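Listed in order, the protein sequences are those of chains A and B. Last residue of the first sequence: 197 (full-length UniProt numbering), numbering continuous. Last residue of the second sequence: 197 (full-length UniProt numbering), numbering continuous.
Number of protein chains: 2
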Amino acid sequence: MAQIENGRTRILDSAAAALCKKGLAGAKLSDIARMAGMLAPSIYHHFPSKDHLVEEVMMEGIYRNSRHIVTKVEVLGADALPLVRLRAAIEAHINFLLTGDSYSSAVARVFDDLPAEMKGRVLAAYSSFDNYWRDLIIAAQAAGGVNTSLDATVVRKFLIAMLDSSPSWYRPGKLGPAQIAEQAADLVLYGFVGRQS
Amino acid sequence: MAQIENGRTRILDSAAAALCKKGLAGAKLSDIARMAGMLAPSIYHHFPSKDHLVEEVMMEGIYRNSRHIVTKVEVLGADALPLVRLRAAIEAHINFLLTGDSYSSAVARVFDDLPAEMKGRVLAAYSSFDNYWRDLIIAAQAAGGVNTSLDATVVRKFLIAMLDSSPSWYRPGKLGPAQIAEQAADLVLYGFVGRQS
DNA sequence: GTCTATAATCAGATAGAC
DNA sequence: GTCTATCTGATTATAGAC
């Protein structure tokens, strides 16, 4: 079933990469086309408009990211400790963003700039992913042994913003994606002070 | 010395608000002018270009945010515990962003989209602020009693991204800015699990 | 399915009256 | 210091050949 990389897929890949790197307004159709080995008007044979193309990248990014994280968490089984599941989600999210999935990075990069109407549809598609995080957090709180004075929604917003920022500042160096992922989980779960105080 | 709000200041205020709300490409000169009670060409009497106007908002945002945080930390005195100083910085940052300083919110909102040349200058202006955070974190690590396996740079990047995200999702409700600020500090310092485990 | 040529649109910027 | 009118340039989008 592995389809060969046809023109349509090349355009989507190029669009995802361009959106990541240059943002919504910065990613010109001519850039996307060039990266896909064609000229701008050829894109219109595959997509009716730039907005349609962008929206498909957003939907694909949400789907990929969601599927990756859910897979990594659910392989642990439903009876794994909630904190273990939450840690797995955090590490999977960072690993996915930093190991080159430009679709998921593109979502974090340009979501705020989407036209209102599209943003509504993208947000709707995002909601099941968001609810998955909410449930992970609430399950961990319900299991006890955590700081119950923290608001679950506030924790989720801060956590996702933190994770989503990583593609914008991470550069390969002494720390690899897996190590950043581990640091993210340690920071969120146990804080800058940590456990050994 | 309190200068009355002249045209130039009204334009800057409007630009900061528009940049926050709509992003760099979304904030049209006609929007900014209308919010300032004039028409687009009038802006050119006060600023030579949109880029110059945007850059001045960026610089002002960095200056205001930096000054506010440093003031709130330094009032504690240099002999305050490093963790107390770090907490004060975190809370001051959130409070400032959420209590309506659109200049500082505008920086976080549009920085990634700035043209490369301007971004370099803005980043240079930002560096002393960034270094202040770096020093707060390093001082706390040097004082001991924290998780030394965390990389100071990674902590700083995650921390600032988390704090800067707050204007994009916070809406006045049951939790006020001061409470969000406290939750942010608790989350960063002691984590989702917290101290009582 | 991709191209060349061109239209349509829109936002930043300028000229000059008042 | 602000306006009306206009220009310029960039970018999305269309038409139609190959």
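Idealized CB from N, CA, C, for every residue including glycine. Please read these numbers as outputs of a predicted model, since none were measured by experiment.
List the residues of chain B whose Cβ lies closer than 8 Å to the Cβ of residue i, in chain order.
i: residue 150 (chain A); result: 183, 186, 187, 192 and 194
i: residue 175 (chain A); result: 151 and 154
Quick one: is residue i buried, meaning 16 or more other Cβ sit within 10 Å of its Cβ, or exposed?
i: residue 183 (chain B); result: buried
i: residue 191 (chain A); result: buried
i: residue 23 (chain B); result: buried
i: residue 91 (chain B); result: buried
i: residue 75 (chain A); result: exposed
i: residue 172 (chain B); result: exposed
i: residue 81 (chain B); result: exposed
Counting contacts by CB-CB distance shorter than 7 Å, is residue i in contact with chain A?
i: residue 7 (chain B); result: no
i: residue 61 (chain B); result: no
i: residue 16 (chain B); result: no
i: residue 161 (chain B); result: yes
Please confirm if residue i has its CB atom under 7 Å from at least one CB of chain B.
i: residue 158 (chain A); result: yes
i: residue 165 (chain A); result: yes
i: residue 35 (chain A); result: no
For residue i, go through chain A and note every residue whose CB falls closer than 9 Å to its CB, in chain order.
i: residue 112 (chain B); result: 23, 109 and 168
Return the Cβ separation of residue i and residue j in integer angstroms, given the expectation that the two are a contact with Cβ distance under 8 Å.
i: residue 16 (chain B); j: residue 57 (chain B); result: 5 Å
i: residue 35 (chain A); j: residue 18 (chain A); result: 6 Å
i: residue 165 (chain B); j: residue 161 (chain A); result: 3 Å
i: residue 132 (chain A); j: residue 193 (chain A); result: That pair is no contact at about 29 Å.
i: residue 114 (chain B); j: residue 167 (chain B); result: At roughly 18 Å, the Cβ-Cβ gap does not stay under 8 Å, so residue 114 (chain B) and residue 167 (chain B) are not in contact.
i: residue 140 (chain A); j: residue 146 (chain A); result: 6 Å
i: residue 12 (chain B); j: residue 60 (chain B); result: 7 Å
i: residue 27 (chain A); j: residue 43 (chain A); result: Their Cβ separation, rounded to whole angstroms, is 12 Å, which puts residue 27 (chain A) and residue 43 (chain A) out of contact at 8 Å.
i: residue 152 (chain A); j: residue 95 (chain A); result: Residue 152 (chain A) to residue 95 (chain A), Cβ: 24 Å. No contact.
i: residue 65 (chain A); j: residue 127 (chain A); result: About 14 Å; that fails the 8 Å criterion.
Run down chain A in chain order and give the residues with a C-beta less than 7 Å from the C-beta of residue i.
i: residue 180 (chain B); result: 154
Residues of chain B with CB closer than 7 Å to the CB of residue i, please, in chain order.
i: residue 26 (chain A); result: 113
**Q.** Ranges of the beta strand (DSSP E) found wholly within the stretch 133-171 of chain B, counting only runs of at least 3
**A.** Counting only runs of 3 or more residues that sit fully inside the stretch 133-171 of chain B, no beta strand (DSSP E) segment turns up.
Q. At what residue ranges does the UniProt DNA-binding region "H-T-H motif" (28-47) of chain A contain a whole run of the beta strand (DSSP E), taking only runs of 3 or more?
A. For the beta strand (DSSP E) assignment, the UniProt DNA-binding region "H-T-H motif" (28-47) of chain A encloses no uninterrupted run of at least 3 residues.
**Q.** Completely contained alpha helix (DSSP H) runs for the stretch 77-119 of chain A, where each covers 4 or more residues
**A.** Within the stretch 77-119 of chain A, the complete alpha helix (DSSP H) runs of at least 4 residues are 82-98 and 102-110.
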